[in-house]
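Protein chains in written order, with our numbering: chain F, 1 to 491; chain W, 492 to 982. No residue lacks a Cβ here, since even glycine has one placed at the ideal position from N, Cα and C. Here is the structure we will look at.
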């Protein structure tokens, strides 16, 4: 795509836009269009699409540093890399301390033992983050299959001494939210009912015998069981074998929880030219799982927001408000970075006028999302035209959000976001296969361009967004699940 | 699909067919249509599509027995299972001795060592069948990347002491034949030039960090090197890192070649009612790789031909000629079963009137292939109408063939085949992911029906096919690569 195609007269763009995103009947009458400095869009969108800078950074992070689970050497190296990179871009940056969990994977293997119906099979599994280890010789028990937390509860103590196998029907990315609770809370529930282990079908939209890890949570001081994900293939195998007769599984998990580690969020900022105390916060999480190299989750988000900062810094004049970038540590297994930021900056939060976290992979942009009080879409609408040719000049039906910014909810910070196509995100999410080759450089460049421009819009627009109501449960126990925007279905 | 939809008047069918497969201008004028007993098609196609018998057998073979590399306990168990299954079907069956290679996989792992450009990475690899082991402590050397055997030759002794990394551009199933020689002959060539190891990019059309194994060949008494396949992701990683500077890899392979083992082909037959000495041979290979459960390769072929025999045996009267089923041992790493059959039955081969091997997975049928002398298509054409609703009533542009029947080429046995959609076959071929869930029961049933009917056609037709010319090189060194039929491209 040529850059010039993206820069067109605002009248044409507004005409196109009015077709793409009709004003909601519920929203306030459209305000008189603000004077949007479209010439700036060229300076943000152009380089984002042509220079390949975000993708090159993603290669440094994934090939150069690799996996970066909280507490690991990779995570520490990523912090130093991010600091160096911001400095190379001339963007002021610093670290802020975060105490993080330090869970480490060990030897792990599983097998279906031979029986009347099978000569036995290996099980392809990954311990879930937070799982305790088995005894060194492993754990052997009969499998009980359940398809939901409710079904487990109904079994009562019939699971005593057994390995609970959680099966489910995740088929498309949009199912993630429905089933993530099984991974997050299932093993703890199984432990309470006397089970000795848990196997969870991977939360996957594709598999080539590919296990997907993720975190599971046990209550402080409550019972625990060794817990692992198995591939969808192995889940199907277990399902068939369980239907035919008793199935015994052996699992060996060598994982362990080390003492909490000292780590850091990386924070950078471009001070606003007129309202430096008003902060537009953009972020992504720097940690990843210990498998794969976290290219989509969340390397892509990291390089998008870093590149937005680099390009904003190069503008002839800074935006009206301060743009602050936070690369959070520990989104995957604790959310310590998100909580630490909210705590350390509590006094500033009333002046945080907007916040975004990019954390749904490096897909192409498909829309803009908002979570704010009345009139937010009307305020943003005049700023959307430069996104037409990127395919993102419409409002998503999904509310903006993000795990690491969820601690800002009680402070009623408005959220915004660039929605990306996440339809194939759960093919690789939390797997060994989340690697650089899975990220399309064109898609990444387009989403980066959209992030840079929308961030500028929030930092430059004359109005500030009306703050939303505070939610009933301010700190969600589970990070909100990234789901693909509904508007992406037809693309 | 209802069975009744498949059974229609021959006039309608022939009309449909004449549109689907116009007579070639080069072929002889069409013979007067033979009297084709269409009522029999109902007795073959109906049960194949409705009873699910082939799929149930495939579950027994894959879930119950699992992998079955030549010489393994799994292979021996599969022989006994096949014998029992034929006997349960009332089909006379026996075993014929085959001496097979007995290669076993051991511990295996690889890693890219840390350097100025990377903190290091694990490599996801599988030793290639036939590879020698590394020393127990592994092998560490610098990587040299080449993209072809010619490029390797051009490097001469510049690869001395190095690990040769074979990269290539396989993208679709039809590319397999172009690149399989790199896996088969590359490591031997690298060894001759003084290399100390070989890594071969997996021959894959999809990957989630999924290595694809396969056999590699060294000359008797010639130099060898430890050789493994790496995933496409790891190949891309190596490619990027090699471009940036020297890359050192450590690989540990614990595989070994044990003494040749005693094994068996399983042979079954339905004696012909009029010409019992004329043999229509149908087959598939019973061995599989030691990873996955060989569901597509070649469990699917095995159950198709077994089911064809079961259904032919249930007909009110046997076909005119003898139908013989051979489940070959050792297609994957030696072809000992195919050679043993040709040798043991050498005297009979002049009366082998047709031979087929099903070995391209369990996809849906897309056509019928032939390799014979003049007039073969004309002789077969009247028998195609029952395949219209199965989508296979056309002639493939590809010649029929198969690794295990290639030793029959010098005897000029005509070959036939049911071509299946193999466009996704190389997603799972020779991987841990070749498991039952990858085979669609409907597709398998349709191809099974087509195999049963086409086999019947060859055994019942009044004519015998004209024998083809003998090939210049009768025993191919490498098994012919299964490639998807060109006619499948538009489906």
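Asked                                                                                                             : Found
Length of the line joining the Cα atoms of residue 919 of chain W and residue 925 of chain W                      : 5 angstroms
The region 699-719 of chain W / the region 682-691 of chain W touching (three or more Cβ pairs under 8 angstroms) : yes
Beta-carbon gap between residue 287 of chain F and residue 44 of chain F smaller than 8 angstroms                 : no
DSSP three-state assignment for residue 690 of chain W, whether helix, strand or coil                             : strand
8 angstroms Cβ cutoff, residue 674 of chain W in contact with chain F                                             : no
Within-8 angstroms CB hit, residue 124 of chain F to chain W                                                      : yes
Within-8 angstroms CB hit, residue 705 of chain W to chain F                                                      : no
Interface flag, residue 696 of chain W vs chain F, CB-CB below 8 angstroms                                        : no
Distance CB(residue 761 of chain W)-CB(residue 847 of chain W) smaller than 8 angstroms                           : no
Chain F within 8 angstroms of residue 923 of chain W, Cβ atoms only                                               : yes
Nearest residue (CA-CA) to residue 546 of chain W, options W:858, W:843, W:794                                    : W:794
Rounded separation between residue 42 of chain F and residue 312 of chain F - CA only                             : 12 angstroms
Where residue 692 of chain W meets chain F, residues with beta-carbon distance less than 8 angstroms              : The contacting residues do not exist; residue 692 of chain W stays about 12 angstroms from chain F at best.
Selection from F:397, F:411, F:290, F:90 that minimises the alpha carbon distance to residue 432 of chain F       : F:290
Chain-ordered neighbours of residue 560 of chain F on chain W, where CB pairs are closer than 9 angstroms         : The structure shown does not extend to residue 560 of chain F, since chain F spans only 1 to 491, so no value can be given for it.
Interface residues of chain W facing residue 77 of chain F [CB-CB closer than 7 angstroms]                        : 610
Neighbour-count burial assignment, residue 81 of chain F, 16 or more Cβ in a 10 Å radius                          : buried
Chain F contact for residue 625 of chain W (CB, 8 angstroms cutoff)                                               : no
Where residue 541 of chain W falls, given that 16 or more other Cβ within 10 Å makes a residue buried             : exposed
Same chain, Cβ closer than 7 angstroms to residue 523 of chain W, five either side skipped, listed in chain order : Any reading at residue 523 of chain W must be qualified, since the residue scores a pLDDT of 49, below 50, and its modelled position is unreliable; the value itself is stated next. Same-chain partners within the cutoff: there are none.
Within-8 angstroms CB hit, residue 550 of chain W to chain F                                                      : yes
Secondary structure of residue 420 of chain F, DSSP reduced to three states                                       : strand
Cβ pair residue 472 of chain F, residue 321 of chain F closer than 8 angstroms                                    : no
Residue 555 of chain W versus W:775, W:612, W:569, W:606, residue with shortest Cα-Cα distance                    : W:569
Under 8 angstroms by beta carbon: chain F residues contacting residue 931 of chain W                              : Simply none; closest approach about 13 angstroms.
Element boundaries [alpha helix (DSSP H), containing residue 676 of chain W]                                      : 667-683
For residue 749 of chain W: DSSP bridge partner residues                                                          : W:593
C-alpha gap between residue 700 of chain W and residue 651 of chain W, whole angstroms                            : 29 angstroms
Positions along the region 271-294 of chain F whose CB lies within less than 8 angstroms of some CB in chain W    : 292, 293
Distance cut-off 7 angstroms: residue 429 of chain F Cβ against heavy atoms of the ligand FMN                     : For the ligand FMN, the structure offers nothing, since it holds no ligand at all.
Own chain, CB closer than 7 angstroms to residue 755 of chain W, minus 5 neighbours either side, in chain order   : 570, 586, 587, 588, 589, 820
Proximity of residue 740 of chain W and residue 605 of chain W at Cβ, strictly below 8 angstroms                  : no
Test item: CB-CB of residue 599 of chain W and residue 743 of chain W under 8 angstroms                           : yes
Chain F within 8 angstroms of residue 724 of chain W, Cβ atoms only                                               : yes
Host beta strand (DSSP E) of residue 438 of chain F (start-end)                                                   : Segment: none, residue 438 of chain F is in no beta strand (DSSP E) and carries neither H nor E.
Residue from F:189, F:72, F:61, F:59 whose Cα sits closest to the Cα of residue 333 of chain F                    : F:72
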